[in-house]
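A quick write-up on the structure given underneath.
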Amino acid sequence: MSNKQDARPQEKDHVTKQWQTEIEVIHGIGLHARPSVIFTRLAKTFPCTIEIEVNGSSVWLNGKSIVKVMGAKIRKGSVLKIRADGIRAAEAIAALKELVEHNFDEGKLHGRNV
Numbered sequence: 001m002s003n004k005q006d007a008r009p010q011e012k013d014h015v016t017k018q019w020q021t022e023i024e025v026i027h028g029i030g031l032h033a034r035p036s037v038i039f040t041r042l043a044k045t046f047p048c049t050i051e052i053e054v055n056g057s058s059v060w061l062n063g064k065s066i067v068k069v070m071g072a073k074i075r076k077g078s079v080l081k082i083r084a085d086g087i088r089a090a091e092a093i094a095a096l097k098e099l100v101e102h103n104f105d106e107g108k109l110h111g112r113n114v
């Protein structure tokens, strides 16, 4: 498991901070249907804006959109940047990073503690 950077604030203006993290996707086949649903479902529980960028593409996608996340075709080994802006942004980044690090909790879904 490769953790490129810890979650860190980025100064956006004098009032709000934007949080961002970067992580390598280690899931066996990347973000196929089930992990994409799990990711977007968790993202939608936070009131902040959540966006993702894949492999340094400089294209930021809505992290709450199943269509955008699945359409990004995120494979194993992809470097995923996640950024959040707004209320509970730091909490959102921490939760989404943990989800990716733990293989989208798929081990728990199949009765394994991975």
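First residue of the sequence shown: 1, per UniProt numbering; consecutive thereafter. Positions of the beta carbon are idealized from the N, C-alpha and C atoms, including for glycine.
Judged by DSSP in its simplified three-state form, R34 adopts helix. Contact annotation: F104 and F39 have beta-carbon atoms nearer than 8 Å.
It is roughly 20 Å from the alpha-carbon of V54 to the alpha-carbon of A90. Under the three-state reduction of DSSP output, K17 falls in the strand class. Rounded to whole angstroms, H27 and P35 show a C-alpha spacing of 9 Å.
Close CB contacts of A43 within its chain, under the 6 Å cut and outside five residues either way in sequence, are with I50, G63, K64 (chain order). In the three-state reduction of the DSSP assignment, N55 falls in the coil class.
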